[in-house]
Amino acid sequence: MSQEQRLELVTRGTVEIIQPAELERVLEEKKKPRAYWGFECSGKQPS
Amino acid sequence: MLRKAALLAQLPGMMHIGTGLVCGTKIKDMIQAGFHFIIFLADWHSMINNKFGGDMEKIETAGEYYKHCFTALGLTEDKVEYIWASELASKPNYWERVIRIAKTITAQRAVRALPIMGRDMKTQDVETASLFYPCMQAADIFEMNLDVACAGIDQRKAHVLAREAGEKLGWGKPVALHTPMLMGLAGVQGSDKGSYDEDSKLSSVIASKMSKSKPENTILLHDSPQLIEEKFRKAYCPPTIVEGNPIIEYYRLLAFHENETVVLRRDQKYGGDMKFSSFSQLEEAYKAEKIHPQDLKANMARILADILRGVRDYFDKHPEPLEQMLKIEAR
């Protein structure tokens, strides 16, 4: 998968990335970067 | 089974499609793009926010149920890593990290970065424990050595705070990725007028997001196709208007995210099926009065029921987590 394809997948449907240039750098430098989403255990997202 | 479904709909803690689908599909995108993805089950944070009355045992049950929901959506343990906040908090340096972060933040900013969901921003009602919340959120990010932190847009302040703290402490700045909040079925009009953010637009977006206190305004992952159809029939969907129209929003965020093309099924006498290969095509057709609101709603209900079929099948085969959730109420 090309860098452009990865970037498109990650950014689609988002309302904001802080900062896009930093995201691009992460994708360039790392094959397997680490990400998370936190969820409170009660229907309301997120933590 | 029907009785059980009715009971479940009234339970606090049931996952709705805002969480299951908006977050779930984004997580799948990230995995496909090569990320190691962690679903963080924030039991401590739930306790701080007095979820289930702050009862940790009930919170753990709800967290297990959450894990099953995401598994049912295809986020199995071989694809994502599940980490409990209490696991992370038991590491020797965790609380030191929290304190170091807390030392970089004024109390006023911590209050302003609080998770604002479903609460008005009156500081006199805030428990001191709540001030730990944004500090823990930042500590979680650094403790798990993350490159990217994902959340709904309502969490932006906490993420900005984490970035600033990380920079001051020399721990680096995580990239923050924010998704939209999914509007409730009643749209902006049907939401409460509470103040959730000093940015009035963001405040109304948060207010209109799917609220657990209004089951008729929310689609739960477990809702039957019949119930989904019923809820959509009553949904807010003004003809030709796309701004603030929750049904249009569901096409954009859900239907077109899961599918390349969307077919609206329609009776021959009303013109027959319509096929759309992009969201903007559908949007334009709706504005031009080429789609009737009833058709728009009925088709979205069908598409959603299809997307959720896997979840219903999973819980038919694994009823235990739901039964545990029902027992919570009886305790």
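In the order they appear, the protein sequences are chains A and B. So the number in the numbering used here is just where the residue sits in the first sequence, counting from 1, plus 1. So the number in the numbering used here is just where the residue sits in the second sequence, counting from 1, plus 25. Backbone N, C-alpha and C define an ideal beta-carbon position, used for all residues, glycine too. Model, not experiment: these values are computed from the prediction.
The Cβ atoms of Ser-43(A) and Gly-38(B) lie closer than 9 Å to each other.
Collapsing the DSSP output to three states places His-343(B) in coil. Where His-61(B) is concerned, the enclosing beta strand (DSSP E) starts and stops at 61-67.
Interface annotation, Glu-23(A): in contact with chain B, CB-CB separation under 9 Å.
Close to Gln-57(B), with beta-carbon spacing below 7 Å, are these residues of chain A in chain order: Leu-10.
Bounds of the alpha helix (DSSP H) holding Ile-126(B) are 119-127. With respect to the 9 Å criterion, Ala-67(B) and Asp-165(B) are classified as neighbours on the basis of their beta carbons. Lys-193(B) and Pro-271(B) have their C-alpha atoms roughly 41 Å apart.
Annotation: Cβ neighbours of Pro-205(B) in chain A (cutoff 7 Å, chain order): Val-16. Remark: three or more beta-carbon pairs, one from each stretch, lie closer than 8 Å, so the stretch 5-22 of chain A and the stretch 51-58 of chain B are flagged as touching.
The beta carbon of Lys-198(B) sits closer than 9 Å to some beta carbon of chain A. When secondary structure is reduced to three states using DSSP, Ile-73(B) falls in the helix class. Contact annotation for Phe-304(B) against chain A: no contact, minimum CB-CB distance about 11 Å [criterion: below 9 Å].
For Met-299(B), the beta-bridge partners assigned by DSSP are Leu-289(B).
Leaving aside the five residues that flank Asn-74(B) on each side, none in its chain has a CB nearer than 6 Å to its CB. If you draw a straight line from the Cα of Ser-111(B) to the Cα of Ile-266(B), it comes to about 46 Å.
For Ala-201(B), the enclosing beta strand (DSSP E) stretches over residues 200-204. In the assembly as shown, Arg-334(B) is an exposed residue. Its beta-carbon has fewer than 16 other beta-carbons within 10 Å. A distance below 9 Å separates the beta carbons of Ala-97(B) and Leu-246(B). Taking the Cβ atoms as the reference, Pro-159(B) lies roughly 6 Å from Leu-186(B), within the contact range of under 8 Å. In the three-state reduction of the DSSP assignment, Leu-245(B) falls in the strand class, which pools E and B. Within its own chain, the residues whose Cβ lies closer than 8 Å to the Cβ of Gly-191(B), once the five positions on either side in sequence are excluded, are Ala-163, Ile-166, Phe-167, Gly-197, Lys-198, Pro-199, listed in chain order. Secondary structure of Cys-262(B) (DSSP, three-state): coil.
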